[in-house]
Structure formats: structure tokens, C-alpha cells
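First residue of the sequence shown? That's 11 in the numbering used here, and the numbers climb one at a time after it.
Quick reminder that beta carbons are idealized off the backbone N, C-alpha and C, glycines included.
What you are looking at is a predicted structure, and each value in this text was computed from that prediction instead of being measured.
Following: one structure in C-alpha cells, then a few remarks.
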Amino acid sequence: MTTRIPNQKAVFYPETDGKPLPDGEYQAPLYIEIVGTLQTHFSNRPDVHVNGNTMFYYEEGNPRRVISPDCYVAFNVDVERIFRNNTYLLWEMGKPPDFVLEIGSPSTRRNDLGPKRDLYARLGIGEYWRFDGTGGDFYREPLVGEYLQDGEYRRFPLHEEPDGMVWGRSPTLNLDLCWDDGRLLYYDPVAGTYLMNQEEEKAARQAAETRVAELEAELRRLRGEG
């Protein structure tokens with residue numbers, strides 16, 4: 011005889027907590043550039059998910075166990091499944107994000123320095139970075155990068171240039187993160203160039219398309235003269 015196990019009630023994991031971005035007027039422009047630039051950079055990698063300000067659930071069956079990083083990157087994950095759920099479910103992905111970055115703001119700084127940092131370490135997030143656009147009003151320093159070792163975060167070395175730029179290397183992203191006059195720039199040490207943000211990428215693409223059109227028009231003119 012087979013014993014029938016009652017169906018467990020389906021657990022609902024909301025796509026949003028219904029709250030606006032904390033300190034949105036200050037954070038939103040930074041968030042758009044920081045997340046968008048990485049999304050463009052990794053757009054040709056179907057196994058890489060870049061997102062931010064979305065729900066990351068880390069305990070199956072308990073939708074209260076949730077956190078929303080400002081920016082995170084996960085490698086070797088099922089990106090289509092994440093998009094279908096519109097949430098990051100730890101037990102489905104089988105791993106936490108590899109990289110998390112928080113943007114300092116008046117209402118989030120204490121949480122970023124304490125409870126969030128402790129939780130990210132417990133979850134096994136390999137790199138945790140903090141960016142302070144003010145240069146130190148929120149985190150007391152413009153940029154901090156940490157890596158997880160034996161369950162605890164340890165700092166990456168940072169470098170300060172004569173012009174005030176502060177930067178450190180992320181082995182996970184294989185990029186240098188650079189605090190530069192209130193902006194976060196990404197430098198690709200392999201290509202030897204800074205990553206363009208989405209607006210810069212669009213402008214460069216349009217300029218290239220315009221140049222191609224001009225060259226094609228010139229070629230047609232020369233052929234007509236011949």
C-alpha cells in the first residue's frame with residue numbers, strides 16, 4: 011500500500027518588496043551606471059547574470075529570508091531561469107552570486123557595514139565591495155573591496171593615484187574598480203581600456219555607424235566618378 015503525501019502549499023517569492031530604491035534620488039544615477047556598465051560588459055556571456063536591486067532569496071520555503079544587493083554578478087548560472095522567476099533563488103542556482111557591491115547612502119550605510127556584510131560572508135559570497143560616491147561620508151573611505159577566506163572577509167589592497175583616483179583589482183570580474191571623482195569606473199587590464207557605460211557605448215556605436223555610412227557614400231561617389 012502506498013502512503014500519499016499531501017501536497018505542500020506552494021510558497022510565493024515576491025519579485026519586489028514594493029519599496030522604492032533607498033535614497034533613490036542619490037543612488038539611482040549611480041546604480042544605473044554601475045550595474046548597466048557590467049551588464050554591457052558581460053552581455054556576450056550567456057552564463058553570467060548581472061543585476062541589482064532585485065530579490066535574492068537564500069532559504070527555501072522562507073520568503074522572509076531575502077536580501078537585495080545594489081549590484082551582483084553570478085557566473086556559471088542558468089540565466090534564463092533567473093529571468094523567468096525574476097528573482098535569484100539560492101537553492102535553484104546551487105550557489106550564491108560571486109560578486110556583490112553596495113552603494114553607500116544615508117539610510118543604508120550601517121546595514122552595509124554590519125548585518126549585510128555578515129550575511130554575505132555566511133552565504134559564501136566570494137567578493138564584497140562597497141562604493142561611496144561622496145568619497146567617505148558614508149563608509150569613511152571611497153572604496154573597499156574584500157574577499158572571503160576561511161569564512162571571513164579580508165581586504166584587497168587598494169592604490170591611490172596622484173589625481174585622487176582610488177582603485178583595486180577584482181579577480182572575480184578580472185577588472186579594476188576605480189573610484190574617480192564620485193564615479194565608479196571599470197578598467198579592463200587585458201584590453202588596457204576603461205569600460206564604457208551604456209550611454210557612452212550607444213554614442214560610440216552611433217558614431218561608428220555614421221562613419222561607416224560616410225565611407226560607403228564616399229565609395230559610391232568615387233565609383234561614380236570612375
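Residue closest to Y196, alpha-carbon to alpha-carbon, out of T118, E69 and Q49 = In the sequence shown, residue 196 corresponds to position 186, counting from 1. Nearest C-alpha to Y196: Q49.
Under 8 angstroms between the Cβ atoms of V45 and G28?
-> Within the sequence shown, the letter at position 35 stands for residue 45. Within the sequence shown, the letter at position 18 stands for residue 28. Taking a C-beta distance under 8 angstroms as the contact criterion, V45 and G28 do not qualify as a contact pair.
Contact between the region 148-163 and the region 124-132: three or more CB pairs below 8 angstroms?
-> Judged by Cβ distances under 8 angstroms, the region 148-163 makes contact with the region 124-132, as three or more pairs qualify.
For L168, which option in P125, L187, P199 and D88 has the closest C-alpha, if you only look at C-alpha atoms?
-> On the sequence shown, residue 168 is found 158 positions in, with the first residue counted as 1. Closest by alpha carbon: L187.
What distance in whole Å lies between the Cβ atoms of D147 and E112, which are believed to be in contact at a cut-off of 8 angstroms?
-> Within the sequence shown, residue 112 is the residue found at index 102, counting from 1. Within the sequence shown, residue 147 is the residue found at index 137, counting from 1. Actually they do not touch by this definition, with Cβ atoms about 15 angstroms apart.
Decide if W101 is buried, meaning its Cβ has at least 16 other Cβ atoms within 10 Å, or exposed.
-> By one-based count along the sequence shown, residue 101 stands at place 91. Taking all protein chains shown into account, W101 has fewer than 16 neighbouring C-beta atoms within 10 Å of its C-beta and is therefore exposed.
Given a threshold of 16 other Cβ atoms within 10 Å of its Cβ, counted over all protein chains shown, does R127 qualify as buried or as exposed?
-> Along the sequence shown, one-based indexing puts residue 127 at 117. Counting of Cβ neighbours within 10 angstroms places R127 among the buried residues, the total reaching 16 or more.
Distance between T203 and F22 (C-alpha atoms, nearest Å) | As a working mapping, residue 22 is identified with position 12 in the sequence shown. As a working mapping, residue 203 is identified with position 193 in the sequence shown. Cα to Cα, the separation comes out at about 44 angstroms.
Pick from R119, G174 and R231: whose alpha carbon is nearest that of R150?
-> Position 140 of the sequence shown, counting from 1, holds the residue named residue 150. Nearest in C-alpha terms to R150, of all of R119, G174 and R231, is R119.
Cα-Cα separation between E226 and M206, rounded to whole angstroms | Counting from one through the sequence shown, the residue named residue 226 turns up at place 216. Counting from one through the sequence shown, the residue named residue 206 turns up at place 196. Using only the alpha carbons, I get a separation of about 27 angstroms.
Quick one: is S115 buried, meaning 16 or more other Cβ sit within 10 Å of its Cβ, or exposed?
-> Here residue 115 refers to the residue found at position 105 of the sequence shown. A residue is called buried when at least 16 other Cβ atoms come within 10 angstroms of its Cβ; S115 meets this threshold and is buried.
Per-residue burial, V222 [other beta carbons within 10 Å of its own, 16 or more giving buried] | Sequence index remark: in the sequence shown, residue 222 carries index 212 (1-based). Label assigned to V222: exposed.
Taking only the alpha-carbon atoms, compute the straight-line gap between G178 and L194 and give it to the nearest angstrom.
-> Counting from 1 along the sequence shown, the entry for residue 178 is found at position 168. Counting from 1 along the sequence shown, the entry for residue 194 is found at position 184. When only Cα atoms are considered, G178 and L194 end up about 11 angstroms apart.
Exposed or buried, what is V200 when buried is set at 16 or more other beta-carbons lying within 10 Å of its beta-carbon?
-> Along the sequence shown, read from residue 1 onward, the residue named residue 200 stands at position 190. Burial call: exposed.
Alpha-carbon to alpha-carbon, P56 and E171 | In the sequence shown, residue 171 corresponds to position 161, counting from 1. In the sequence shown, residue 56 corresponds to position 46, counting from 1. About 35 angstroms.
Return helix, strand or coil for F166, following the three-state DSSP convention.
-> For the purposes of this step, residue 166 is taken as residue 156 along the sequence shown, with counting starting at 1. Look at F166 here: in three-state DSSP terms it is coil, with no helix or strand label.
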